[in-house]
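Student: Under my numbering, the very last position in the sequence shown is 349; numbers go up by exactly one each time.
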Amino acid sequence: MPAQSPHRKLAGHTPRQIAARQRDLITYEQLIALGLTRGAISKGAQRGELRRVFRCVYTTAQAPLSREALWLAAVLACGEGAGLSHYAAGTLLDVSRFRSPLIDVVSPRKRTLDGARVHYCRTLDARDITTVKGIPVTRISRLYADFADVLTPFQLANVVHRAAFKGLPTWLPEAPGRHGVATLKKAFDLHAGGSAGTRSTAEDVFLTFALPEPLVNVVHLGFEVDFRWPDRLVAVEIDGPHHGRPWNRNADLHRDQALRQAGYVVLHFSADDVQSRGGYVERAVLDALSVRPGP
Numbered sequence: 055m056p057a058q059s060p061h062r063k064l065a066g067h068t069p070r071q072i073a074a075r076q077r078d079l080i081t082y083e084q085l086i087a088l089g090l091t092r093g094a095i096s097k098g099a100q101r102g103e104l105r106r107v108f109r110c111v112y113t114t115a116q117a118p119l120s121r122e123a124l125w126l127a128a129v130l131a132c133g134e135g136a137g138l139s140h141y142a143a144g145t146l147l148d149v150s151r152f153r154s155p156l157i158d159v160v161s162p163r164k165r166t167l168d169g170a171r172v173h174y175c176r177t178l179d180a181r182d183i184t185t186v187k188g189i190p191v192t193r194i195s196r197l198y199a200d201f202a203d204v205l206t207p208f209q210l211a212n213v214v215h216r217a218a219f220k221g222l223p224t225w226l227p228e229a230p231g232r233h234g235v236a237t238l239k240k241a242f243d244l245h246a247g248g249s250a251g252t253r254s255t256a257e258d259v260f261l262t263f264a265l266p267e268p269l270v271n272v273v274h275l276g277f278e279v280d281f282r283w284p285d286r287l288v289a290v291e292i293d294g295p296h297h298g299r300p301w302n303r304n305a306d307l308h309r310d311q312a313l314r315q316a317g318y319v320v321l322h323f324s325a326d327d328v329q330s331r332g333g334y335v336e337r338a339v340l341d342a343l344s345v346r347p348g349p
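#1: Do residue 195 and residue 162 have their CB atoms nearer than 8 Å?
#2: Residue 207 lies in the beta strand (DSSP E); which residues open and close that run?
#3: Count the C-beta pairs between the region 204-215 and the region 239-247 that are closer than 8 Å, then say yes if the count reaches three, no if not.
#4: If residue 136 and residue 129 are in contact, beta carbons under 8 Å, what's the gap, nearest whole angstrom?
#5: Measure the C-alpha to C-alpha separation of residue 253 and residue 151 and round it to an integer number of angstroms.
#6: When you compare only the Cα positions, how much space is there between residue 62 and residue 79?
#7: Which same chain residues end up closer than 7 Å to residue 347 when comparing Cβ atoms and leaving out the 5 residues on each side of it in sequence?
#8: To which residues of the same chain is residue 199 closer than 8 Å at the C-beta, ignoring the five residues directly before and after it?
#9: Going by DSSP in three states, residue 107 sits in which element: helix, strand or coil?
#10: Considering only the alpha carbon of each residue, which of 91, 103, 277, 205 lies closest to residue 258?
#11: Should residue 141 be labelled buried (16 or more other beta-carbon atoms within 10 Å of its own) or exposed?
#12: Alpha carbon to alpha carbon, how far is residue 236 from residue 71?
#13: Since residue 332 and residue 263 should fall inside the 8 Å C-beta cutoff, what is the C-beta to C-beta distance between them, to a whole number of angstroms?
#14: Residues in the same chain with beta-carbon distance under 6 Å from residue 309, minus the five sequence neighbours each way, listed in chain order, please.
#15: Rounding to the nearest angstrom, what Cα-Cα distance links residue 343 and residue 293 in this structure?
#16: With DSSP as the reference, please indicate the residues paired to residue 158 in a beta bridge.
#17: To the nearest whole angstrom, what separates the beta carbons of residue 329 and residue 256, a pair I think is in contact under 8 Å?
#18: Quick one: grab the DSSP three-state call for residue 140.
#19: Indicate whether residue 261 and residue 336 have their beta-carbon atoms separated by less than 8 Å.
#20: If you compare alpha carbons, which of 168, 89, 183 is closest to residue 175?
#21: With 16 other CB atoms within 10 Å as the buried threshold, where does residue 334 fall?
#22: Suppose you measure from the CA of residue 193 to the CA of residue 89; what does that come to, to the nearest Å?
#23: Helix, strand or coil: which one does DSSP assign to residue 345?
#24: Against chain C, with Cβ distances strictly below 8 Å, would residue 263 count as a contact?
#25: From residue 170 to residue 109, what does the alpha carbon distance come to, in whole angstroms?
#26: Are residue 111 and residue 94 closer than 8 Å when you measure CB to CB?
#27: Mind listing, in chain order, the continuous alpha helix (DSSP H) runs of no fewer than 4 residues lying wholly within the region 261-336?
#28: Within 10 angstroms of its Cβ, does residue 271 collect 16 or more other Cβ (buried), or is it exposed?
#29: Do you know how far the Cα of residue 284 is from the Cα of residue 321?
#30: Going straight from the alpha carbon of residue 190 to that of residue 96, what length do you get?
#31: With distances taken Cα to Cα, identify the nearest neighbour of residue 164 among 181, 131, 77.
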């Protein structure tokens, strides 16, 4: 009796049903469990019925995979208990403006994947992983601790702010032994104090200047102010491209008027000023801060 062709096996409903539940992905282990031999899998790949995405992860689709499918493929390649983490997790949970060309995965076992950055955690707790859009991903509390290792306190405060807006938990997670404990604590202190953290790369750059630490994106007089030094009555606004729109321009005028009526000096700089002419911006702000406000 002639052997059943790999084409007929791969055309069967069961493998495709599994792949359909996994964004057109299927793992080597799943194919073996469905009765395919190593040879059949190899021939299926040669015929284009299976396309390798990562080690031991294939797709049955001919079209390019979506970003979400690539995320899931990286997680599947890391095996049981792994989850999307760091920058990719922040994007999936829609709480972060930070991106990376690599797919971050946290795994309880060591792995090396081209196009992915695997964070080995021998003690990874299964309770730290949830599922969003069919993709295993770290819970928000774990994400805070992971981000504390790679973000500044003000950047992390923005992640917490976005999470709060989405109704996600915003309590300070326990992170014994983690490098970013101090960053984590400060970020949550900033959030508790009303700071939305930094909202743009230009704001991140501004905070690297040799200036006294300001209040960052805290509401004052009914308006969120980019940077404010209440003891010096100085406020700074970083104007991005959206500030030229009529509604934004009108809101800016009302905010500036309220601040000036309260005695503030209000300085405006473009994002390009901050990123390309930092020395000029720093000196201008220092000059304003050097003037003590009147009684």
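Every residue gets a Cβ at the ideal spot worked out from N, C-alpha and C, and that includes glycine.
Tutor: Per the coordinate set shown:
#1: Inclusion of residue 195 and residue 162 in the CB contact set at 8 Å is not warranted, their separation being larger than that value.
#2: Careful: residue 207 lies outside any beta strand (DSSP E), inside the alpha helix (DSSP H) at 207-219.
#3: Counting C-beta pairs with one atom in each stretch, the region 204-215 and the region 239-247 have three or more that are closer than 8 Å, which means they touch.
#4: At roughly 5 Å, the Cβ-Cβ gap stays under 8 Å, so residue 136 and residue 129 are in contact.
#5: Rounded to whole angstroms, the separation of the alpha carbons of residue 151 and residue 253 is 8 Å.
#6: Only weak support exists for where residue 62 lies, its pLDDT of 43 falling under 50; the value from the coordinates is given anyway. In a straight line, the C-alpha of residue 62 is about 18 Å away from that of residue 79.
#7: The answer, listed in chain order, is 286, 287, 317.
#8: Excluding residues within five positions, the ones whose Cβ falls inside 8 Å are 227, 229, 232, 234, 238.
#9: Three-state DSSP puts residue 107 in a strand.
#10: Of the candidates 91, 103, 277, 205, the one whose C-alpha sits nearest the C-alpha of residue 258 is 205.
#11: The residue in question, residue 141, is buried, as its Cβ has 16 or more Cβ neighbours within 10 Å.
#12: In a straight line, the C-alpha of residue 236 is about 47 Å away from that of residue 71.
#13: In this structure residue 332 is in contact with residue 263, their Cβ atoms being roughly 6 Å apart against a cut-off of 8 Å.
#14: So the list reads 277, once near-sequence residues are dropped.
#15: For residue 343 and residue 293, the gap between their C-alpha atoms comes out near 20 Å.
#16: In the DSSP secondary-structure assignment, residue 158 is bridged to 171.
#17: The Cβ separation is near 6 Å, so the contact holds.
#18: Reduced to three states, the DSSP call for residue 140 is helix.
#19: Not closer than 8 Å, so no.
#20: Comparing Cα-Cα distances from residue 175 to each of 168, 89, 183, the minimum goes to 183.
#21: Residue 334 is exposed by the Cβ-count criterion.
#22: Between the C-alpha atoms of residue 193 and residue 89 there is a straight-line separation of about 35 Å.
#23: Coil at residue 345, not helix or strand.
#24: Of the protein chains in this structure there is only one, and it is not chain C.
#25: If you take the alpha carbons of residue 170 and residue 109, they lie about 12 Å apart.
#26: Result no, Cβ atoms of residue 111 and residue 94 do not sit closer than 8 Å.
#27: Those alpha helix (DSSP H) runs which fall completely within the region 261-336 and span 4+ residues are 300-315, 325-330.
#28: Classification for residue 271: buried.
#29: Rounded to the nearest whole angstrom, the C-alpha separation of residue 321 and residue 284 is 14 Å.
#30: Approximately 28 Å between the Cα atoms of the pair.
#31: Between residue 164 and the set 181, 131, 77, the nearest pair of CA atoms involves 131.
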